[in-house]
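Here the structure is laid out as structure tokens; the discussion comes afterwards.
Residue numbers (mature numbering (1 follows the signal peptide of the UniProt record, and there is no 0)): -22 to -1, 1 to 130.
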């Protein structure tokens, strides 16, 4: 092989490596699938497709949302023992949709879900989704009506 052939082969390897990395890390705004890991997530939401402005559950039901704040999420205990900070989203249309197996996202009659909080585990590829009712945005002391765990 000539020096030029080695150079072209090296460029090709770098190009393929860059494509591989790009596939592993979705670009901002591209959907990310969260895989249900907790029993509640597996039986109620199933896998979830996340976009910065929506969550789509395994049965096709979507919630449209808007990010409103970051806050501590002490209820999001991870297997590593650490709590995380989370992003609070307000639902554009409060709802408690029916998801898998006839289950509701929150399951509290006459109290639609108004906010969700997404807390990533700082030590890995785990996400916790906290679901909240009420007019006010959740705070560090707010208790979610339900929590669901996922891995990326």
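Yeah, the Cβ is synthetic: ideal placement off N, Cα and C, and Gly gets one too.
Do residue i and residue j have their C-beta atoms within less than 7 Å of each other?
| i | j | result |
| --- | --- | --- |
| residue 49 | residue 127 | no |
| residue 69 | residue 92 | yes |
| residue 23 | residue 35 | yes |
Does the Cβ of residue i have 16 or more other Cβ atoms within 10 Å, making it buried, or fewer, making it exposed?
| i | result |
| --- | --- |
| residue 46 | exposed |
| residue 80 | exposed |
| residue 98 | buried |
| residue 100 | exposed |
| residue 118 | exposed |
| residue 116 | buried |
| residue 64 | buried |
Please list, in chain order, all residues of the same chain as residue i whose beta carbon is under 7 Å from its beta carbon, the five residues on each side excluded.
| i | result |
| --- | --- |
| residue 109 | 83, 84, 91, 94, 122, 123, 124 |
| residue 53 | 108, 121, 122, 125 |
| residue 112 | 92 |
Per DSSP, which residues does residue i bridge with? Please list them.
| i | result |
| --- | --- |
| residue 110 | 93 |
| residue 98 | 105 |
| residue 68 | 44, 93 |
| residue 82 | 76 |
Who are the near neighbours of residue i in its chain, counting only those whose CB is closer than 8 Å to its CB and skipping five residues on each side?
| i | result |
| --- | --- |
| residue -15 | At residue -15, the pLDDT of 33 sits below 50, so the modelled position is not reliable and the matter cannot be decided from this model. |
| residue 78 | 21, 22, 23, 24, 35, 36, 37 |
| residue 15 | 104, 127, 128, 129 |
| residue 13 | 25, 128, 129, 130 |
Please indicate yes or no: does the CB of residue i lie closer than 6 Å to some heavy atom of the ligand GTP?
| i | result |
| --- | --- |
| residue 54 | The ligand GTP is not part of this structure, which contains no ligands at all. |
Can you name, in chain order, every residue of its own chain whose Cβ lies under 6 Å from the Cβ of residue i, other than the five neighbours on each side?
| i | result |
| --- | --- |
| residue 32 | 40, 42 |
| residue 67 | 43, 45, 94 |
_Quick check: the region 70 to 83 against the region 96 to 106, are at least 3 beta-carbon pairs closer than 8 Å?_
In short, these stretches do not touch, since the Cβ pair count stays below three.
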